[in-house]
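Have a look at the structure below, then the notes.
Laid out in structure tokens, this is it:
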């Protein structure tokens, strides 16, 4: 792979190798595209939305009755990566969607969805928002859709400054060893109906964050060590058997995501909220809502994402910028 | 004019004539070729290309002009101060005062920030989301009157006359701005200063050498400190992450510039969340109550040489900075600023406190010290050209004798 400067050190070599794998994967995808293009193609615009129970998500809005203690939350960030988007055909076959690449919202088969608009408590974000994943697929009759939340392993542990946008976002990244934040939900919390002090040793919390990503990546070595695997991939796969690609919208419901959590407390000596660690009990209800295994509990079906039927027809979706 | 200044000006005038005489025509033809070539940044490993405004492209001569202007005391109303008075190379282009002090002695409400890697900053100064270009920022210290920094307000004409009367400046402005009918202008002063500032790139610390493959560059203590710094127990890296050791960055190909402001619980006056009136942070411009006490996370590169710390220089040592974060915010027991910072309602969720053993504290300090780029602090490209000339001249006269 000539374009890559091959340094002498082991760590950098692994990084270069990972990049090569990513390039190879991209080339294979491209080759598939060329073959598939003999069939008529159609544009795909997979619409997304974010809500909190029955209300649309908006920066600066406070939402009541959240979680098992019916607390009030005020979100300050909501972004997520999506990849491996497939359409489900009439006989259950899965057809990959080739994602567009604009080096801004989408690159290398990964798309960013961004529901914060930089206003009010979201001021550490930016004005640009994005609620659609754009790509192409062979024309055909499709009845469902599935996708993975996050960044694929081959792209997840690279040097941020060498990555095209949206993989260049520092706010959606930890370090090379731990990779990207797949989903970021930040909020302040108040109120709640818990009576007395928490019985499990938790302490009161007024800030709660969900930073989903891979954990226990090995080898560890240091934060700049490039891992060869992560014990907990934590990439939720979301699948809807019944989905009209032209009319329906995929909605991330923070109310459902937080349904079994108590956002007014935090386990001591762990990150505020859930930052994906297996020892962070605050993650248990979040991972369950995303269908992910956690600390001995097997993964199950997710309930954080839902389908809004026929919502895409009326409102044109898209990104601002 | 003091005798000292007078002799310096004489030396300068002499050397300027020499330069003009010896370079003459050759300089012009070199420049014509140079204009075709992209600017060569000589970036440290792993550093992306800085963004440069389309109306102020980089060139070697413009950077050199900017260096002269940066160190030239004629850029102050009373001839006593230059940019370098508050941005000193051996302190990573910050200074050692808690609060900046201007040419007239007026004290600034905030401390001088390090200019290391300022080329990557999408917003400038401590808490101004609207100040986005170095060219635009330069006029603040030059002409601002609240506070007075360089004190040039109302003195534009005499500044420009002085620069036009200097052969070296006339030549350098002409070569830096070849399309301008009158190249010596306030606008071009700010452009040249910005071009020089963009070259102040620091990325060759011991930590950088370690990160790029030299496993011997860091002591075991500094390596343990790095693990804590980048870990979820201390949470430092969430705001001071990435190649710039601050998340507020932009560069060529980044896509989205990123800008963050955080309240770290430094104050909590009367338990209301308030900061001292002189420095409310982002709220001063946004007007939002929630933005009280929010400031930009500064780079931690060269942090060991930029004491005292925080926007108002209110923490003297790195050790005490660690105390502040370990407590999840600073408690001030008495006086007008009394309050429990850890309970500031606007505080970042990442500042939640931690406990460190004495060895862990020493490890963390060792890591922070490993971010000092000593080559940057002495890089000949950034030194005071007037001082360098004076030294060269002294050395020359010593050898001729």
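Residue numbers (the working numbering), protein chains in the order written: chain A, 1 to 321; chain B, 322 to 722. From the three backbone atoms N, C-alpha and C, an ideal C-beta is built for every residue, glycine too.
Cross-chain neighbours of residue i in chain B, by beta carbon under 7 angstroms
i	result
residue 166 of chain A	576
residue 218 of chain A	None at all; the shortest Cβ gap to chain B is about 15 angstroms.
residue 104 of chain A	576
residue 72 of chain A	Residues of chain B passing the Cβ test: none, with the nearest at roughly 14 angstroms.
residue 207 of chain A	670
residue 170 of chain A	562, 563, 568, 570, 579
As assigned by DSSP and simplified to three states, the class of residue i
i	result
residue 61 of chain A	coil
residue 278 of chain A	coil
residue 560 of chain B	coil
residue 74 of chain A	strand
residue 464 of chain B	helix
residue 706 of chain B	helix
residue 295 of chain A	coil
residue 84 of chain A	strand
residue 186 of chain A	strand
residue 193 of chain A	coil
residue 207 of chain A	strand
residue 285 of chain A	helix
residue 477 of chain B	helix
Whole-angstrom distance between residue j and residue i, CA atom to CA atom
i	j	result
residue 238 of chain A	residue 514 of chain B	53 angstroms
residue 439 of chain B	residue 521 of chain B	7 angstroms
residue 45 of chain A	residue 142 of chain A	14 angstroms
residue 201 of chain A	residue 469 of chain B	54 angstroms
residue 150 of chain A	residue 113 of chain A	11 angstroms
residue 364 of chain B	residue 371 of chain B	9 angstroms
residue 613 of chain B	residue 312 of chain A	40 angstroms
residue 734 of chain B	residue 236 of chain A	This structure cannot speak to residue 734 of chain B, because chain B is shown only from 322 to 722.
residue 211 of chain A	residue 630 of chain B	30 angstroms
residue 527 of chain B	residue 558 of chain B	18 angstroms
residue 601 of chain B	residue 583 of chain B	12 angstroms
residue 556 of chain B	residue 77 of chain A	18 angstroms
residue 619 of chain B	residue 704 of chain B	23 angstroms
residue 474 of chain B	residue 587 of chain B	34 angstroms
residue 708 of chain B	residue 395 of chain B	15 angstroms
residue 359 of chain B	residue 385 of chain B	16 angstroms
residue 54 of chain A	residue 645 of chain B	42 angstroms
residue 282 of chain A	residue 273 of chain A	6 angstroms
residue 592 of chain B	residue 105 of chain A	42 angstroms
residue 596 of chain B	residue 566 of chain B	25 angstroms
residue 359 of chain A	residue 254 of chain A	Given a span of 1 to 321 for chain A in the structure shown, any question on residue 359 of chain A remains unanswerable.
residue 674 of chain B	residue 266 of chain A	13 angstroms
residue 297 of chain B	residue 176 of chain A	Not covered by the structure: residue 297 of chain B. The range shown for chain B is 322 to 722.
residue 120 of chain A	residue 56 of chain A	16 angstroms
residue 418 of chain B	residue 428 of chain B	10 angstroms
Chain-ordered neighbours of residue i on chain A, where CB pairs are closer than 7 angstroms
i	result
residue 544 of chain B	222
residue 453 of chain B	None at all; the shortest Cβ gap to chain A is about 13 angstroms.
residue 611 of chain B	121
residue 369 of chain B	161
residue 673 of chain B	272
residue 548 of chain B	222, 223
8 angstroms Cβ shell around residue i - same chain, five flanking residues per side excluded
i	result
residue 168 of chain A	160, 161
residue 532 of chain B	367
Partners in chain A for residue i, counting only beta-carbon separations shorter than 8 angstroms
i	result
residue 401 of chain B	Chain A residues near residue 401 of chain B: none, gap ~39 angstroms exceeds 8 angstroms.
residue 508 of chain B	Going along chain A, no residue has its Cβ under 8 angstroms from residue 508 of chain B, so there is no contact; the nearest lies around 29 angstroms.
residue 582 of chain B	123, 124
Contact list for residue i against chain B, beta-carbon separation under 8 angstroms
i	result
residue 277 of chain A	553
residue 175 of chain A	551, 558, 562
residue 156 of chain A	Near residue 156 of chain A there are no residues of chain B at all, since even the closest Cβ is about 16 angstroms away, more than 8 angstroms.
Cut-off 7 angstroms between Cβ atoms - residues of its own chain near residue i, not counting five sequence neighbours on either side
i	result
residue 452 of chain B	444, 445, 446, 458
residue 156 of chain A	179, 180, 214
residue 651 of chain B	586, 587, 645, 662
Close beta carbons around residue i, own chain, < 6 angstroms, minus the five adjacent residues each side
i	result
residue 190 of chain A	72
residue 487 of chain B	none
residue 671 of chain B	556, 559
residue 649 of chain B	663, 672, 673, 674
Any non-hydrogen atom of the ligand NAD within 8 angstroms of residue i CB
i	result
residue 515 of chain B	The model on display carries no ligand, and the ligand NAD is accordingly not part of it.
Beta-carbon neighbours of residue i, restricted to chain B and to distances below 9 angstroms
i	result
residue 128 of chain A	577
Could you tell me which whole beta strand (DSSP E) segments of length 3 or greater appear in the region 106-164 of chain A? Those beta strand (DSSP E) runs which fall completely within the region 106-164 of chain A and span 3+ residues are 110-114, 132-138, 142-149.
Where are the beta strand (DSSP E) runs, 3 residues long or more, that stay fully inside the region 241-265 of chain A, in chain order? Annotation note: the region 241-265 of chain A contains the following uninterrupted beta strand (DSSP E) runs of length 3 or greater, listed N- to C-terminal: 249-253.
So within the region 356-444 of chain B, which uninterrupted alpha helix (DSSP H) runs reach at least 4 residues, ignoring any that extend past its ends? Entirely contained in the region 356-444 of chain B, the alpha helix (DSSP H) runs reaching 4 residues are, in chain order, 381-392, 404-407.
Which ranges would you report for the alpha helix (DSSP H) in the region 619-660 of chain B if only whole runs of at least 4 residues count? Listed in chain order, the alpha helix (DSSP H) elements of length 4 or more contained wholly in the region 619-660 of chain B are 639-647.
Note down, one range per segment and in chain order, each alpha helix (DSSP H) of at least 4 residues found wholly within the region 504-586 of chain B. Those alpha helix (DSSP H) runs which fall completely within the region 504-586 of chain B and span 4+ residues are 507-519, 527-532, 541-550.
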